[in-house]
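Protein chains in written order, with my numbering: chain Z, 1 to 157; chain G, 1 to 516.
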């Protein structure tokens, strides 16, 4: 779980308005959002902090929408309703099942498309899957393996 | 810098600065014709281009509201650009000529439930302009330029093609410099072609046609200028273009002739929005053909999960193609043909485009294999249907107060069998090299937007004649892919450029003859 200090730091990162402290409710919702993103993109060996980064970016983006508060409230309630218990209290298997059950909702689709965009743009995720990103500053790949494939069958001629 | 008066009615106004508009404007300016080019987007310089898909998407993509219907993404039906250079900034530079039979879609395919027509010109007639277009763009394999060096994906496709017995496998036909050409450098295999070429090795009008036109003193580019309406006089001849400038102020540029090259959707939309008492259904729309018979391509993408490393992000994003399936061979179960092209996807593109909607291990298992993914992108002949097209939303307006376009697209019954065949070809190709899995996918947005203001021999069948000149209005031209009478199987830009060069010659001749 996040520490209080980390949460306060993240709240600043997320651009929470003014000096307002994050309420316990908001902190809980944030934890749930981060846990939901783990369910969406369950890579082994990607640090939890990456999922929290992404949750922050998603929350920052979505909280500018007028309907976000209501969408989130309804979405999290639907998750728990589908789970038959508080969703965060479930083990992974139960979380996945409940998430599947709400995957057609606007809440899910909104979080999914925003989280997908942020997650697979994250530098740590890129490094994890082996994508180096920008190459122009390294002179492209003309001398760095653009044609280095070495396992293809030789041409027979 | 040349500046023309708004009241100067001797200028030709070209709307759009991409493959159609940018080329046409330069060709006219080179011949001494005064041109004002209105471009809705801003002007980037090479230093504004970075290897960052998200940043470049914001800088280049047309994000004004549009509505997709049928098979199209409801919020983003088409991926086009709003920037000087238009879609030549975003394109992947595959430059293949249409085949002779593809100019005769109606005759060749004789297909039911279609509004197909033959082009009112032949491949032979267009041939000399293809040659000029290839010289202008520096297409690999022409004009002394070698084939583009094959990157890993293209080597892989070539190896699979050999096993399958395909013969026409090539990295010629790419408008990316395979050697220094026309003052632009050789490709450094950077990748990110779709985000604009950082070094200008990929042909785009931004740093070729536009500055060349400016150097003539006969050309003025007005970026951030959104054409709102084309006006006509009492005789029904075009007289001016009304546009919104950078600050939103409404301007009116008088014109001797107007050439519209807004990329199918915006071209049709502008003609429809230019309705008047004399032309109540929009300009050049007496036959009811504006916005009709819109075409894209039948598109299949496929990812192969290969036994070895591919690193498809290294190098040109589309570095060649296999042309064997371009032929028309109804024994395959469908009319028309398709091209198998190399492709490359960033992790974000794999997740959003190839695996759109997937999550959990369905997605992450694939992403864990990212560096071993090979990709192909297959484009095939679309079949004209009058119901596919562009119309105006009855209520929704954009930031300029213009009705928002609705783009409607459904598959023709020919598409299913073609798509299945193409997916099988991709599967066979990847599996011949030991792919553990092949994942085909659909693409529900159009990057090739064609037809919708098509050229036709008979005025009742289209919007413009064999020169792109509107059937109904002598000094109105269609100058982009909207002219296409049928889609063909090949990527359209080379043909758009050839048509623009040809149209410029026609306009100069018409002017010289006092007919324009």
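Glycine is no exception: its CB is placed at the ideal position from the N, C-alpha and C atoms.
Because the structure is a prediction, the values reported are computed rather than measured.
Secondary structure of residue 326 of chain G (DSSP, three-state): helix. If you draw a straight line from the Cα of residue 20 of chain G to the Cα of residue 346 of chain G, it comes to about 29 Å. Assignment of residue 378 of chain G by DSSP, reduced to helix, strand and coil, places it in the strand class.
By DSSP's assignment, residue 231 of chain G forms a beta bridge with G/240. Between residue 448 of chain G and the set G/41, G/395 and G/379, the nearest pair of CA atoms involves G/379. Take the alpha-carbon of residue 112 of chain Z and the one of residue 431 of chain G: they are about 32 Å apart. Taken in chain order, the complete beta strand (DSSP E) segments of 3 or more residues contained in the region 47 to 99 of chain G are 67 to 70. With respect to chain Z, the C-beta atom of residue 155 of chain G has a partner C-beta closer than 8 Å. For the region 76 to 91 of chain Z, no residue has a beta-carbon sitting nearer than 8 Å to a beta-carbon of chain G.
Identification of chain Z residues near residue 206 of chain G by a Cβ-Cβ cut-off of 9 Å yields none; the smallest Cβ-Cβ distance measures about 17 Å. Using a CB distance below 7 Å, the part of the region 42 to 69 of chain Z facing chain G consists of 42 and 43, ordered along the chain. Relative to the Cα of residue 179 of chain G, the nearest Cα in the group G/212, G/168, G/170 and G/141 belongs to G/141.
The alpha carbon of residue 3 of chain G has as its nearest neighbour, out of G/218, G/288, G/398 and G/376, the alpha carbon of G/218. Residue 301 of chain G sits in a strand when the DSSP states are folded into three classes. Of the residues G/256, G/225, G/191 and G/125, the one whose Cα lies closest to the Cα of residue 262 of chain G is G/225. In this structure, G/115 is the residue among G/97, G/96 and G/115 with its C-alpha nearest to the C-alpha of residue 105 of chain G. Residue 197 of chain G is not bridged by DSSP to any residue. The alpha-carbon separation between residue 316 of chain G and residue 92 of chain G amounts to approximately 8 Å. Residue G/150 holds the alpha-carbon nearest to the alpha-carbon of residue 318 of chain G among G/150, G/133, G/6 and G/9.
For residue 352 of chain G, the residues of chain Z that pass the 7 Å Cβ criterion are 116, in the order they occur in the chain. Beta-bridge partners assigned by DSSP to residue 342 of chain G: G/376.
Residue 90 of chain Z and residue 96 of chain Z have their alpha carbons spaced roughly 9 Å apart. Annotated as distal: residue 29 of chain G and residue 268 of chain G, with beta-carbon spacing of 8 Å or more.
The Cβ atoms of residue 235 of chain G and residue 254 of chain G lie no closer than 8 Å to each other. Rounded to whole angstroms, the gap between the alpha carbons of residue 83 of chain Z and residue 98 of chain Z is 5 Å.
DSSP places residue 397 of chain G in the strand class (E or B) of the three-state scheme. Secondary structure at residue 128 of chain Z: helix, using DSSP grouped into helix, strand and coil. Identification of chain Z residues near residue 77 of chain G by a Cβ-Cβ cut-off of 9 Å yields none; the smallest Cβ-Cβ distance measures about 17 Å.
Annotation for residue 253 of chain G: no alpha helix (DSSP H) segment contains it, though the beta strand (DSSP E) segment containing it runs 250 to 254. Apart from the 5 residues on each side of it in sequence, residue 368 of chain G has no Cβ closer than 6 Å to any other Cβ in its chain. If you check the CB distance, residue 339 of chain G and residue 323 of chain G come in under 8 Å. As DSSP reads the structure, residue 408 of chain G sits in a beta bridge with G/69 and G/389. Taking CB atoms only, residue 60 of chain G has no neighbour in chain Z less than 8 Å away. If you draw a 10 Å sphere on the C-beta of residue 512 of chain G, you find fewer than 16 other C-beta atoms in it, and that means exposed.
Contacts with chain Z at 8 Å (Cβ-Cβ) do not include residue 418 of chain G. For residue 304 of chain G, the CB contacts under 6 Å within the same chain, skipping 5 residues up- and downstream, are 374, 430, 435 and 438 in chain order.
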